[in-house]
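Offset between the sequence shown (1-based) and our numbering: plus 12. Each residue gets a CB set at the ideal place from its N, CA and C atoms; glycine is no exception. What follows is a set of notes on a single structure, which appears directly below.
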Amino acid sequence: MVGMKTCDYLVIGGGIVGLTTALELKKRHRNAKIVVLEKEKELALHGSGRNSGVLHAGFYYAADSLRARFTRDGNARWKQFVLERGLKINPCGKLVVAKNEQEVEGLYELKRRGDVNGVETYLISLEEAKKIEPRVKSTQMVLWSPSTATVDPRECMAAVASDCQSEGIEIRLDSPYQGRRGNDVIAPQDVYSAGFVVNAAGLHADRVAHDFGVGLRYRILPFKGLYVYGSEPAGSLKTNIYPVPDLRSTFLGVHFTVTVDGQAKIGPTAIPAFWRENYQGLKGFDALEALSILRDEAILFFRNDFNFRGIALEEIKKYSQAYLVSQASALLEGVKPENYRTWGRPGIRAQLYDHQDKRLVMDFMIEGNHQGLHVLNAISPAWTAAMPFAEYVADRAEQLQGGQEVGSGRA
Ligand SMILES: Cc1cc2nc3c(=O)[nH]c(=O)nc-3n(C[C@H](O)[C@H](O)[C@H](O)COP(=O)(O)OP(=O)(O)OC[C@H]3O[C@@H](n4cnc5c(N)ncnc54)[C@H](O)[C@@H]3O)c2cc1C
């Protein structure tokens with residue numbers, strides 16, 4: 013039987029954005045009753061459990077962006093968190109390499125952005141870079157980011173969820189948001205009368221927002237991130253190695269990351285996917301959803317404003333393991349295809365698309381009204397940025413609530 017429940021804050025989505033926001037709201041409103049609705053039977057089944065685990069440093073993003081504001085601080089906050097909890101971290105840094113002379117200008121631009129964003133980066137010679145990773149391939153110049161690190165996203169998610177529990181935040185698993193009736197939110201077992209709703213539903217955040225009449229000009233487009241794991245012994249690769257990205261796109265190009273256990277992996281790709289949870293086979297296929305996504309992708313493909321056509325055609329080739337490995341081998345000496353044969357668990361990026369302006373939204377985006385706040389674009393590196401981003405979401409929630417006292421005894 014469906015029960016009626018009340019709470020001060022109802023967070024939809026138990027990914028890193030939902031959980032850190034719930035914790036931040038609890039920190040500010042000690043008496044508030046906070047419930048997190050998660051549609052899956054366990055946490056971390058989507059972006060927050062399927063990412064590269066890289067704590068980005070914050071030098072990629074334009075200075076006036078939210079991503080620039082939150083990535084540097086988010087990196088430091090995670091480091092403190094994993095240290096306090098005794099969680100795994102690999103402080104291995106990152107080298108960004110220029111494959112040709114044209115890309116060297118890109119390294120200067122990243123250095124400029126790093127300086128403006130207050131992020132430590134160094135332009136070093138290839139000789140110096142080889143002291144960090146002897147196998148690195150580049151022109152004479154390389155960018156070194158010492159503060160980049162990797163963590164185990166699923167281990168971190170479990171620790172954050174455990175903090176939620178200790179704080180009395182109720183995480184309801186297997187409880188999808190199904191719709192709303194006025195101010196009440198409907199889940200299979202319960203109907204929630206919530207003081208304020210925070211939508212952090214990742215790949216589905218646009219649908220939830222639209223139900224509330226918010227963000228109607230936006231839809232989420234899914235991009236699939238494939239990984240190939242290396243079989244070389246742990247420690248064979250000393251640091252993360254990335255190419256100079258195309259700064260018009262939100263993706264960073266195929267790269268090598270080193271996991272917390274020292275294992276090398278190639279990826280992720282950013283292949284346009286045809287439905288939101290297009291992880292494997294036809295699981296989760298929905299014809300209407302696929303049609304809508306295909307239409308948006310076709311528009312981007314034909315308009316080709318930011319070379320989407322070139323990017324999409326290039327990305328699709330990466331379904332071939334041999335092609336993916338050959339692309340990555342431009343960054344590192346001695347990459348043998350026979351050592352890269354194991355596909356990893358893919359992830360799907362939730363990328364916001366503005367169908368009025370026909371463009372991908374390049375920064376974090378939230379929109380709301382007095383009923384709730386909707387995290388529409390928690391693109392990468394929202395994992396790294398999660399803690400300061402949650403403060404921003406909580407600030408905005410408070411503004412929308414008009415500074416009223418929260419937690420005055422909704423049972
Ligand atoms: C392949 C890949 C690699 C990445 N690498 C990095 C990286 O190295 N570093 C970095 O900083 N960032 C990285 N990112 C980005 C980062 O993972 C995401 O930005 C971040 O995890 C987004 O968190 P989230 O909470 O918004 O989404 P999610 O983790 O997807 O959480 C949303 C949750 O909402 C739930 N949900 C959805 N619909 C409903 C509903 N109707 N009712 C209830 N619950 C619902 C889902 O089940 C899910 O658990 C990567 C992403 C991908 C896909």
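- Query: Count the other CB atoms within 10 Å of the CB of F71; is the residue buried (16 or more) or exposed (fewer)?
  - Reply: buried
- Task: Apply the 10 Å Cβ neighbour rule to T354 and answer buried if 16 or more other Cβ atoms are within range, or exposed otherwise.
- Result: exposed
- Could you please give me the residues that DSSP links to N211 through a beta bridge? I24 and H386
- Message: Measuring only from the beta carbon, is S157 closer than 7 Å to any heavy atom that is part of ligand 1?
- Response: no
- Message: Given a cut-off of 8 Å on the beta-carbon distance, is the pair G237 and R361 in contact?
- Response: yes
- Task: Give the secondary structure of G421 by DSSP, where H, G and I count as helix, E and B as strand, and everything else as coil.
- Result: Here the model assigns G421 a pLDDT of 45, short of 50, so the residue's position is not dependable, and the following value carries that caveat. Here G421 sits in coil by DSSP.
- Item | Buried versus exposed call for G421 [16 or more other C-beta atoms within 10 Å across all chains shown] | Low confidence applies here, because G421 scores a pLDDT of 45, under 50, leaving its location unreliable; read the following figure in that light. Exposed, because fewer than 16 other Cβ atoms sit within 10 Å of the Cβ of G421.
- Task: Give the secondary structure of T162 by DSSP, where H, G and I count as helix, E and B as strand, and everything else as coil.
- Result: strand
- Query: Could you give the distance in angstroms between the alpha-carbon of L67 and the alpha-carbon of H41?
  - Reply: 29 Å
- Item | Same chain only: Cβ atoms within 6 Å of P188, ignoring 5 sequence neighbours per side | K51
- Query: According to the neighbour-count rule (16 or more other Cβ atoms, all chains shown, within 10 Å of its Cβ), is K277 buried or exposed?
  - Reply: buried
- Message: So if DSSP puts D202 in a beta bridge, which residue, or which two residues, is it bridged to?
- Response: G15
- Any beta strand (DSSP E) of 3 or more consecutive residues that is wholly inside the region 303-389: 352-355, 359-366, 377-381 and 384-389
- Message: At the level of alpha carbons, what is the spacing between A423 and D218?
- Response: Residue placement at A423 cannot be trusted, given a pLDDT of 42 that sits under 50; what the coordinates show is reported in the next sentence. Spanning the two alpha carbons is a distance of roughly 30 Å.
- At what residues does the alpha helix (DSSP H) containing D113 begin and finish? Looking at the sequence shown, residue 113 is not Asp but Glu. Here the alpha helix (DSSP H) through E113 covers E113 to V128.
- With burial defined as no fewer than 16 other Cβ atoms inside 10 Å of the residue's Cβ, what is the status of H216: buried or exposed? buried
- CA-to-CA distance, T32 to E8, given in whole angstroms: Given that the chain is displayed from residue 13 to residue 423, the structure contains no residue 8 and the question cannot be resolved.
- Task: For T396, verify whether its CB is less than 7 Å away from any heavy atom of ligand 1.
- Result: yes
- Message: On a Cα-Cα basis, can you pick out the residue from N63, M377 and K250 that is closest to D366?
- Response: M377
- Out of N102, L233 and Y239, state which residue places its alpha-carbon closest to the alpha-carbon of Y331. Y239
- Task: Would you tell me roughly how many angstroms separate the C-alpha atoms of E345 and S174, rounded to the nearest one?
- Result: 42 Å
- Query: Any heavy atom of ligand 1 within a distance shorter than 7 Å of the CB on L35?
  - Reply: no
- Please confirm if the region 311-321 is in contact with the region 119-135, defined as three or more CB-CB distances below 8 Å between the two stretches. no
- Message: Strictly by DSSP, which residues pair up with L233?
- Response: Q363
- Message: Can you list, in chain order, the residues of its chain with a C-beta nearer than 8 Å to that of N290? Leave out the 5 residues immediately preceding and following it.
- Response: P234, K236, G296, F297 and I360
- Whole-angstrom C-beta distance between G105 and S157, which should lie under 8 Å: 6 Å
- Task: Determine the closest residue to N195 out of N381, G356 and Q333, with distance taken between C-alpha atoms.
- Result: N381
- Spatial distance of F268 from T151 (CA atoms): 18 Å
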